[in-house]
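Structure first, then comments.
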Amino acid sequence: MKTLDLLLESSKQLISEVKKLNDEEINEKPAPDKWSIAQVCHHLYLSEDLFTKSIVNGLNGKEYESVSHKPIHLASDRSQKFESPEIAKPSEDPLNVEIILKFLSQSRENLLNVLRTINDRSILSKRAANHPAFGELSLEQWIELLYLHEQRHIEQIKDIKLSKSY
-19 MKTLDLLLES SKQLISEVKK LNDEEINEKP APDKWSIAQV CHHLYLSEDL
31 FTKSIVNGLN GKEYESVSHK PIHLASDRSQ KFESPEIAKP SEDPLNVEII
81 LKFLSQSREN LLNVLRTIND RSILSKRAAN HPAFGELSLE QWIELLYLHE
131 QRHIEQIKDI KLSKSY
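Quick note: the sequence shown uses the working numbering, first residue -19, plus one each step.
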């Protein structure tokens, strides 16, 4: 499956996990030091916006012969903890389901609009942008990492729902 198709499928999966919940359920934390489903979704929205900006910066940056592949598959391993950068940390304020769904849809559409402007996909392996955890990543890996990151958090949402019997 192509990366764009994976992103579309992942977006549908995320929305499916969230849309049937009520405002109280999405804002309830599984533990005082853990994120609520609303916070996980807000983090995904903030992250996707940052990913999109990084991809745009990379597209406008210099071209490389090649960019070394980084072990981004580590993002799938939920036993590996990553500290979210301040800029991608979610709000402590409660959010409603409608706003969350709007945010998620908007950030995905913004990303897809950028990706649709790329005529020659091979450029994605020759352009790069710096990632806070992995360093210099090809734009191709940025897109793949976005998918892995979203899947990681979809699993987190499923775990929260299971722990709360939603």
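Heads up, the beta-carbon is just placed ideally off N, CA and C, and yes, glycines get one too.
Length of the line joining the Cα atoms of residue i and residue j
i          : j           : result
residue 57 : residue 128 : 10 Å
residue 23 : residue 100 : 31 Å
residue 55 : residue 125 : 7 Å
residue 13 : residue 72  : 11 Å
residue -5 : residue 92  : 16 Å
Cβ-based burial, residue i [other Cβ within 10 Å; buried from 16]
i           : result
residue 70  : buried
residue 46  : exposed
residue 25  : buried
residue 142 : exposed
For residue i, the three-state DSSP class (helix, strand or coil)
i           : result
residue 133 : helix
residue 4   : helix
residue 16  : coil
residue 117 : strand
residue 11  : coil
residue 37  : helix
residue 111 : strand
residue 96  : helix
residue 49  : coil
residue 147 : Limits of the chain in this structure are -19 at one end and 146 at the other, which puts residue 147 out of reach.
Beta-carbon spacing of residue i, residue j below 7 Å
i           : j           : result
residue 50  : residue 117 : yes
residue -9  : residue 29  : no
residue 10  : residue 140 : yes
residue 113 : residue 38  : no
residue 36  : residue 137 : no
residue 2   : residue 16  : no
Whole-Å CB distance - residue i paired with residue j, under 8 Å assumed
i           : j          : result
residue -16 : residue 95 : 6 Å
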